[in-house]
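Peer 1: Just so it is clear: in the sequence shown, position 168 is 167 by numbering that gives the first Met the number 0, and no numbers are missing.
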Amino acid sequence: MLNNDNSEIDEVIDIVIEPYSNMLYKSKTLQDKKEVDDTIAAIKVDPNQTLNVETHLNYILYFLISGNKLPVGFKSMNAISPWILYWLICSLMILKDPPISMGSGMSLELIMSKLKKEALLKLRKFQYNISTHIENDNDDLLHSGFSGSFMQIPHLAPTFASVLTLKLTNNLEQFEFKDMKQWFMDLMTKDRHTGSYELKTSTPIGEFDARAFYCLLVSAKLCHIDLGLDYLETLWDMLVNSQSDLEGGLNGHDKDQESHGAYAFCTLSSIIIVLDQLRLLKPEKYKNKRLHDFINIDRFIDWLAHRQDVLNGGLSGRHNKLVDGCYAYWVGACGSILNIYGYINPINMPMLKSYILNYSQDNVNKNPGLRDKPGMNADFYHTNYILMGLSLCEYENEMYLPDTFCDAIDIKCNNVKGKQVHCVNPVYGLPIYVLTEVK
Ligand code: FPP
Ligand code: ZN
Numbered sequence: 000m001l002n003n004d005n006s007e008i009d010e011v012i013d014i015v016i017e018p019y020s021n022m023l024y025k026s027k028t029l030q031d032k033k034e035v036d037d038t039i040a041a042i043k044v045d046p047n048q049t050l051n052v053e054t055h056l057n058y059i060l061y062f063l064i065s066g067n068k069l070p071v072g073f074k075s076m077n078a079i080s081p082w083i084l085y086w087l088i089c090s091l092m093i094l095k096d097p098p099i100s101m102g103s104g105m106s107l108e109l110i111m112s113k114l115k116k117e118a119l120l121k122l123r124k125f126q127y128n129i130s131t132h133i134e135n136d137n138d139d140l141l142h143s144g145f146s147g148s149f150m151q152i153p154h155l156a157p158t159f160a161s162v163l164t165l166k167l168t169n170n171l172e173q174f175e176f177k178d179m180k181q182w183f184m185d186l187m188t189k190d191r192h193t194g195s196y197e198l199k200t201s202t203p204i205g206e207f208d209a210r211a212f213y214c215l216l217v218s219a220k221l222c223h224i225d226l227g228l229d230y231l232e233t234l235w236d237m238l239v240n241s242q243s244d245l246e247g248g249l250n251g252h253d254k255d256q257e258s259h260g261a262y263a264f265c266t267l268s269s270i271i272i273v274l275d276q277l278r279l280l281k282p283e284k285y286k287n288k289r290l291h292d293f294i295n296i297d298r299f300i301d302w303l304a305h306r307q308d309v310l311n312g313g314l315s316g317r318h319n320k321l322v323d324g325c326y327a328y329w330v331g332a333c334g335s336i337l338n339i340y341g342y343i344n345p346i347n348m349p350m351l352k353s354y355i356l357n358y359s360q361d362n363v364n365k366n367p368g369l370r371d372k373p374g375m376n377a378d379f380y381h382t383n384y385i386l387m388g389l390s391l392c393e394y395e396n397e398m399y400l401p402d403t404f405c406d407a408i409d410i411k412c413n414n415v416k417g418k419q420v421h422c423v424n425p426v427y428g429l430p431i432y433v434l435t436e437v438k
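1. Use the C-beta contact count for Q126: other C-beta atoms within 10 angstroms, 16 or more gives buried, fewer gives exposed.
2. So, at 6 Å on beta carbons, what are the nonlocal neighbours of S195 in its own chain, with the 5 sequence-adjacent residues on each side left out?
3. So if DSSP puts F145 in a beta bridge, which residue, or which two residues, is it bridged to?
4. What residue from F174, L215 and L165 has the CA that sits closest to L186's CA?
5. Compute the Euclidean distance between the alpha carbons of K189 and F62, then round it to the nearest angstrom.
6. Excluding sequence positions up to five away, which residues of its chain have a Cβ less than 6 Å from the Cβ of N137?
7. Residues in its own chain within less than 6 Å of E272 by CB, not counting five upstream and five downstream?
8. Measure the CB-CB distance between G316 and V330 and report whether it falls below 9 Å.
9. Does DSSP put T168 in a helix, in a strand, or in coil?
10. Anything with a beta carbon under 5 Å from a heavy atom of the ligand ZN counts; list them all in chain order.
11. When the Cα of D361 is compared with those of Q30, S26 and V44, which residue comes out closest?
12. Going by DSSP in three states, C265 sits in which element: helix, strand or coil?
13. Three-state secondary structure (DSSP) at M179?
14. Please go through the region 24–92 and give each complete alpha helix (DSSP H) segment of 4 or more residues, from N-terminal end onward.
15. Are the beta-carbon atoms of N413 and I42 separated by less than 9 Å?
16. Taking S143 as the reference, which of N364, I224, D208 and V423 has the closest Cα?
17. Is the beta carbon of L249 less than 9 Å from the beta carbon of L277?
18. Locate the beta strand (DSSP E) running through M187, then write down its first and last residues.
19. Is the region 375–387 in contact with the region 333–348, if contact means three or more CB pairs nearer than 8 Å?
20. Are L234 and F207 touching if we call contact CB-CB under 9 Å?
21. Secondary structure at C325, three-state DSSP: helix, strand or coil?
22. Compare the beta carbon distance of S353 and I93 with 9 Å and say whether it is the shorter of the two.
23. By how many angstroms is the C-alpha of A209 removed from the C-alpha of K177?
24. Can you give the Cα-Cα distance for A407 and P430, rounded to whole angstroms?
25. Provide the residue(s) that pair with N424 in DSSP beta bridges, ordered along the chain.
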């Protein structure tokens, strides 16, 4: 017989909810998550929402064509000057058929030719003179890595951002990189205590993390710097031994450490770039090898799957953290890369696209630019990586390698019609059309 008295059930619910409420009360992360969930729940999802191209274009152009003079409040960003150039120029070049003349009165060609000149002038001053260690106007001496601004030491992160900017503006051929290889070699050091190799982002001081591998490898590839078999195999050993034992994510550093979406991206992409070269240099060992021969792909896929919030489709960088639009690229690209290389992409890309279009842009007030999450302001970094993430969603299942083992720089795409953004190479972080002539 059915008993309509629910008191026992209520009691059980109380017992379950009580500790949860306690947790909610005490845990900053859970409080933040609840706040984000509530803010997101208040936004009505439009399944037909598209990218507010004009609004974002105005945001990008406002900063790009105002003589590169950022407002005074941006002063603290001085040390990331090449990044600002890369984020803004890449954002502009990802947009498909941007209605430029509406806002600026200039054609896209004119804007690109101005940007080409300005990027060249600016980045010339940031390339380091390894032989004299002082900033020097003599072009012949400026042949090493790039720093984040005037009179700073070179670092792999601004070097990567500079090289990508030069590629986007078709300026790479204007530069020489004859000291770059030696600088890359100097960044590899041996730990005095363990005897194991480490790659630093800068020297004499610098960080050891997965960004170093990725920034170095992409820069070397685009600048046609041959790193040599020994160097590549040393990097390879470090890379394939950096899958977190605890979680299965790639962290690029240490099996005992936590994984993170951005470092997982840097590690996975680095593994792909090194393997592309080892297959040619040492075919007897690497020719027919695939990713699962070196990393536990099932555990990695499982870790990746847990990055997605099943309610709103957004991605987080690590366990117990909040969704953030920039992971649409860092984590989304890991999913796209797996897909291109014949594995399952555990990220639900239509749901990710819905997160981007409904929550990463402000559809109510039409505030320009793209943002981490509702309630936050847009910025250059998020605008670029969210546009790239959107591209990965739009070209889901359309990207492919012409031959199973060909170089990742040759990734191609189908069906470009009807898309709002260009197809981005998930490994190199540049629109595919920019990379076509790199060999
Ligand atoms: C965590 O911050 C973020 C990091 C620890 C690293 C961020 C790294 C990148 C964005 C990638 C850099 C890549 C290149 C190519 C240079 P958090 O703890 O505030 O973020 P979370 O809450 O989302 O984990
Ligand atoms: Zn972010």
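Built from N, CA and C at the ideal position, the CB exists for glycine as well.
Peer 2: The answer reads as follows:
1. Buried.
2. For S195, where only same-chain residues beyond five positions count, there are no Cβ hits under 6 Å.
3. BP columns for F145 point to Q126.
4. Cα-wise, what sits closest to L186 is L215.
5. Using only the alpha carbons, I get a separation of about 43 Å.
6. Confidence at N137 is low in this model, with a pLDDT of 47, below 50, so the placement of that residue should be treated as unreliable; the coordinate-derived value is given next. For N137, there are no CB contacts under 6 Å within the same chain when 5 residues up- and downstream are skipped.
7. Before going on, a small fix: residue 272 reads as Ile here, not Glu. Answer for I272: L216, listed in chain order.
8. Their beta carbons are under 9 Å apart, which means G316 touches V330 by this criterion.
9. Coil, per DSSP.
10. In chain order, the qualifying residues are D323, C325 and D371.
11. Minimum Cα distance to D361 is reached at V44.
12. C265: helix per DSSP, three-state reduction.
13. Correct three-state label for M179: helix.
14. The region 24–92 is shown to contain whole alpha helix (DSSP H) runs of 4 or more residues at 27–40 and 52–63, in chain order.
15. At the C-beta level, N413 and I42 stay beyond 9 Å of one another.
16. In terms of Cα proximity to S143, the closest of N364, I224, D208 and V423 is I224.
17. Taking 9 Å as the Cβ cut-off, L249 and L277 do not qualify as a contacting pair.
18. Start and end: M187 to K189.
19. With the cut-off at 8 Å, the region 375–387 and the region 333–348 do not touch.
20. Going by C-beta atoms, L234 is not nearer than 9 Å to F207.
21. In the displayed model, C325 falls within coil according to three-state DSSP, outside both helix and strand.
22. In this structure, I93 does not lie closer than 9 Å to S353 by Cβ.
23. K177 and A209: Cα-Cα distance of roughly 25 Å.
24. Taking the straight line from one Cα to the other gives about 13 Å.
25. Partner(s): L429.
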